[in-house]
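Chains as they are written, first to last, in this note's numbering: chain V, 1 to 628; chain D, 1 to 361.
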């Protein structure tokens, strides 16, 4: 154990020199940038410079003379459907007030500066959230409990002092000064924290196994798994982009607990912004002596390396991930031996997911009890869900475990887009399952969700409405795992391909009566015969779809009918001559010129040319385009 | 766990198919079962290498385990109860064979490996005739330009034995997996010719291949495996004494094969042992002793005549010019004992120290 006296408490080295009157925070996560965050940033910079009223300063470097403002790029705050999000905090006449503008474009910036920043009156029509008034989006945060995402969207992830101001690295300080490694994993165990990567294994227990394992030369490794690859999941990316230090702090605490002096953070190369911010944050943490040799002056060493993946989904599987770090092809290997016994370079190794590790500093400062107070039965704390698909407020939602799917989708997510009928939610990505309306009162809880055939998984929630075909959705997820199979074991490599062929032919109207049984048989054998969890869970979307939506499969097979109109081969479009006004909107929308008809005359679709894209159907305002 | 008082050796007791058996800690289920004479099918397992667990043929049931476990890699535990065959296990193994056959060329009539193919054997054993999902043969193209190793990636079952034996046993690494998922094939780096990626032509990959993806190129169409006579023998090249099996057909040598576990070499061979036996079939090869007649021409004779001639000449030369007029050159094809006798003969009988050896072949 480190000697308490010589350990130096981490402090803010560059405190704010001034509190500016106006603070502008712009979402510069990948979602924000993709929505045009860079342009919004530039518009604010130029617009503020032009007003003279508020000089834009760097508050850690500049003293304010007169009235000042700051511009901060923050990470994702979750309400991604409204990106670019801009927070404006004003401090005038002793009153602090924060409003958030949604879907901001560079064109809107001049008005915000003129009316709100200079004029003092917010532009009400663009406000999505406000500290003063109710908005229609208040529910988004009302049901959340932001613990993992505590800093995301609030602090500048490229500024270590911003993290330190929020109590950053105090968890590690407490561990180094007050606790033995055993006490650390005991505390994590007491918190009830379970692996957020999908399997839900108790983190404290995992740490204990790695701590107790003997290493031939004393070397152990601590790995953070940031190879988030589920379609529709982006919670780890947001944490890495928005709060990288929390992950490093979690890793260092874990390293101390298991006796590792070296850690790897494995991030998929498709997350360039996360990698960039991790590298910036790592350099800062090393310069401050918070990561590296003799951390905070103690005798605990923990160096971290950022390792970029090379684009393989399977490298999220822990043994494949370690192979990849070793420079080999990412292929899962047999367990046992488990990583805790023999992992990276054949040394005892612990692997945790990003979200799991981001919880750790919080637990170490707030205590295990505070964490365990949240949650439900055996699932403690909070879980971040990536809610996407046909939903009004797609984005990231962190909720206490035990909330129902209905609350997440309808309260936080704001319900199905365009008030359409809810059909299903695909829970837990390609390893998860498709759940119907009747199961919406299922709680987000490891055990309860497992019973349905879906899983908590990494936390992806894709919402489907009546325009989504269940067979096609199952096919989509299976196509993903089929393509991402490493090719090592026979059931996964060939079995998923045979399943996909069957699903392909069902969606093409060539399904055979025996196909459902063939799928169930294949699924069962692939699940029990595969080497790793990728193959072991790949059939889940198909199994749950058949379990809850069997009649849709049967319609496809026996009636050549796709009720959602999503399977192109089973769908035809025609124009109802009674309703058609001859407005030509459909003809203009048609990408292949399949629609003919003069203006103000009834139009006709040539089904030989039609590619069944549905553009005409979406465009028609008179309910004249019919889908069958 | 029991400990033998005399030797201190520890033994574990487990039950396999209801039969109690003792084994050493560290043994795998597969080794214990094979010792007991229980047949567990394997495709990717090769005792020359670490277990791989990819083919899923050796799955067995272990009481208390979450699912079927691969016998090749599962280490035994005290009190473990193993079931090597059940409806579920039979179904799973049959499933694997069906999947493998669903994209296998089924060109057994022209396949070099027919009769010596694990997949063929298991398809027969598990009665797999046609797959429930139709037949989707692969259509990979690859170069096949090595003089000794014939390649057919469409017959490959991706067991990885060639990859592992080249990398882990030979320390070279000519083979690797390329592409992902269903498109995964085993290939050389950048699909370069084998000879450009460090291949030493040992044919270890051929010996490891359980199907007809890698076969002996030189003996193609010489004889089907069941037509050949098999003779276990020792390699005539160097003094290591590797064991192998010579396959002959109508008094001609067809090919040399090895099995893991065979001889001091454990089924491993070098290029000479595996591919260097063609001289046996050469029409130029001497099969009887020859001596020169009065005209100076070589004519066949018997060993008695030939050795008499040698004796006479040796004696004459030694009398005329002394022992130092002789020089002896021994062969690496001889055993150490034979080489020892040879130098003893040269020194003690002939009387010369001019003895040398070709050192290596």
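Even glycine gets a Cβ: it sits at the ideal position worked out from N, Cα and C.
- Spanning the alpha carbons of residue 390 of chain V and residue 579 of chain V requires a straight line of approximately 28 Å.
- For the pair of segments examined, the segment 261-268 of chain V was found to touch the segment 210-229 of chain V: the number of CB pairs separated by less than 8 Å reaches three.
- DSSP places residue 185 of chain D within a strand segment (E or B) once states are collapsed to three.
- Rounded to the nearest whole angstrom, the CA to CA distance from residue 104 of chain D to residue 347 of chain V is 40 Å.
- Residues of the same chain with a CB within less than 7 Å of the CB of residue 562 of chain V, apart from the 5 flanking positions on each side, are 469, 556, 570, 571 in chain order.
- In this structure the segment 141-153 of chain V lies against the segment 345-360 of chain V, because at least three pairs of beta carbons, one per stretch, are closer than 8 Å.
- Your pair residue 256 of chain V and residue 176 of chain V checks out as a contact, with CB atoms roughly 7 Å apart and the cut at 8 Å.
- Annotation for residue 11 of chain V: 164 place their beta carbon closer than 8 Å to its own, counting only its chain and skipping 5 residues before and after.
- DSSP places residue 361 of chain V in the uninterrupted alpha helix (DSSP H) bounded by 354-366.
- Residue contact with chain D for residue 493 of chain V: present (Cβ-Cβ distance below 8 Å to some residue of chain D).
- Residues of chain D with a Cβ closer than 8 Å to the Cβ of residue 540 of chain V do not exist; the shortest Cβ-Cβ separation is about 15 Å.
- For the segment 583-615 of chain V, the full-length alpha helix (DSSP H) segments reaching 4 residues or more read 585-589 along the chain.
- For the beta strand (DSSP E) assignment, the uninterrupted runs of no fewer than 3 residues enclosed by the segment 363-400 of chain V are, from N- to C-terminal side, 382-389, 395-400.
- Taking the C-beta atoms as reference points, residue 499 of chain V is found no nearer than 8 Å to residue 396 of chain V.
- With a threshold of 16 other beta carbon atoms within 10 Å, residue 358 of chain D falls short and is exposed.
- For residue 251 of chain D and residue 223 of chain D, the gap between their C-alpha atoms comes out near 12 Å.
- Across the structure, residue 426 of chain V and residue 388 of chain V are spaced so that their CA atoms are roughly 10 Å apart.
- Of D:353, D:331, D:48, D:29, the smallest CA-CA separation from residue 322 of chain D is found for D:353.
- In this model, residue 329 of chain D and residue 139 of chain D are separated by some 55 Å (Cα to Cα).
- Residue ranges of uninterrupted alpha helix (DSSP H) with 4 or more members, entirely inside the segment 157-183 of chain V and ordered along the chain, are 160-165, 170-178.
- Residue 164 of chain D is positioned such that its CB atom lies closer than 8 Å to that of residue 49 of chain D.
- About 16 Å separates the Cβ atoms of residue 262 of chain V and residue 172 of chain V, ruling out a contact at the 8 Å cut-off.
- By the 16-neighbour rule on beta-carbons within 10 angstroms, residue 48 of chain V is buried.
- Residue 444 of chain V is bridged by DSSP to nothing; it lacks a bridge partner.
- Sequence-distant partners of residue 303 of chain D (beyond 5 residues in either direction) whose C-beta falls short of 6 Å from its own C-beta, in its chain, are 289.
- Rounded to whole angstroms, residue 317 of chain V and residue 323 of chain V show a C-alpha spacing of 10 Å.
- The beta carbon of residue 205 of chain V sits closer than 7 Å to those of 189, all from its chain and outside the five residues before and after it, given in chain order.
- Within the same chain, no residue comes within 8 Å of residue 6 of chain D by CB-CB distance, once the 5 residues on both sides are set aside.
- CA-CA distance, residue 35 of chain D to residue 198 of chain V, rounds to 41 Å.
- In terms of beta-carbon proximity, residue 133 of chain D lines the interface with chain V, with at least one pair separated by less than 8 Å.
- The count of Cβ pairs closer than 8 Å, one atom from the segment 79-88 of chain D and one from the segment 17-28 of chain D, reaches three, so the stretches are in contact.
- In this structure residue 591 of chain V is in contact with residue 615 of chain V, their Cβ atoms being roughly 6 Å apart against a cut-off of 8 Å.
- For the segment 423-453 of chain V, the set of residues with a beta-carbon nearer than 7 Å to any beta-carbon of chain D is empty.
- At a cut-off of 8 Å between beta-carbon atoms, residue 246 of chain D makes no contact with chain V.
- DSSP places residue 427 of chain V in the uninterrupted beta strand (DSSP E) bounded by 422-427.
- Residue 140 of chain D does not reach chain V, its nearest Cβ partner there being about 13 Å away, counting only Cβ pairs nearer than 8 Å.
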